[in-house]
Amino acid sequence: ILNVEQSPQSLHVQEGDSTNFTCSFPSSNFYALHWYRWETAKSPEALFVMTLNGDEKKKGRISATLNTKEGYSYLYIKGSQPEDSATYLCAFKGGSQGNLIFGKGTKLSVKP
Amino acid sequence: DAGVIQSPRHEVTEMGQEVTLRCKPISGHNSLFWYRQTMMRGLELLIYFNNNVPIDDSGMPEDRFSAKMPNASFSTLKIQPSEPRDSAVYFCASSLIRGAWYGYTFGSGTRLTVV
């Protein structure tokens, strides 16, 4: 059974704080790692698709890194804003024919 | 593009009734996924179609669940008979699968309540 673990489960920060959270996944048979942003009452939206060890992706104040050898990815948010409040999901794809296995997410709340 | 369209948005039904959830994927996407989201288990893959053909249905909980994709622009997920433990949000997602380069586009989900 493939396990994708995210930590912490939830996070409360003040506006302006920078924060990061972790996604752990199997280090064998890696194919891709996805990050999604999921706002309450909406559907998950793709943030990043990462495929190479050492990959770094950035979108505005949000960035992500990937270590496929040790099986983890970090998502960073610089200068958090209330509109960043959402659940951040990572998903692991093992093998070209594998399905995306989602973690349970990190729920971020940013207080003004 | 209107995105992935799911209907209905909400469904309340009585135990034992048949429920049909509908999904229209993004035009040109060749893969379609049905997920179920619950507090306990998060997002679980139920079934995956590639070019309208079911590829992996190992996540379908039991025989009461069935899914079809008669053409590239429409899929259904049916539960018959429905049970209270089927209450969840059901998401449909579509993607262009070329390796893993593309993220999935999710619909808005159907919130199912079985009473």
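Chains as they are written, first to last, in the working numbering: chain A, 80 to 191; chain B, 1417 to 1531.
The beta carbon of each residue, even a glycine, is placed where N, CA and C say it ideally should be.
Query: Taking 9 Å as the CB-CB cut-off, is A/E124 touching chain B?; Result: yes
Query: As an exercise, report each continuous beta strand (DSSP E) stretch of at least 3 residues that is fully enclosed by the stretch 102–155 of chain A, in chain order.; Result: 109–117, 124–129, 135–138 and 141–146
Query: Output the distance between the C-alpha atoms of B/T1436 and A/L131, rounded to the nearest integer angstrom.; Result: 40 Å
Query: Would you say A/Y153 reaches chain B, if we count a Cβ-Cβ gap shorter than 9 Å as a contact?; Result: no
Query: May I ask which residues mark the beginning and end of the beta strand (DSSP E) holding B/V1505?; Result: A1504 to S1511
Query: Could you tell me whether any Cβ in chain B is nearer than 9 Å to the Cβ of A/N178?; Result: yes
Query: Please give me, in chain order, every unbroken run of the beta strand (DSSP E) with length at least 3 that falls completely inside the stretch 1425–1512 of chain B.; Result: 1426–1429, 1435–1440, 1447–1454, 1458–1466, 1469–1472, 1481–1487, 1490–1495 and 1504–1511
Query: Using a C-beta to C-beta distance shorter than 9 Å, which residues of chain B count as neighbours of A/K183?; Result: R1457, G1458 and L1459
Query: Just verifying my parser: in three-state terms, what is the DSSP assignment at A/E162?; Result: helix
Query: Report the residue from A/E94, A/S107, A/S106 and A/G150 whose alpha carbon sits nearest the alpha carbon of A/D163.; Result: A/E94
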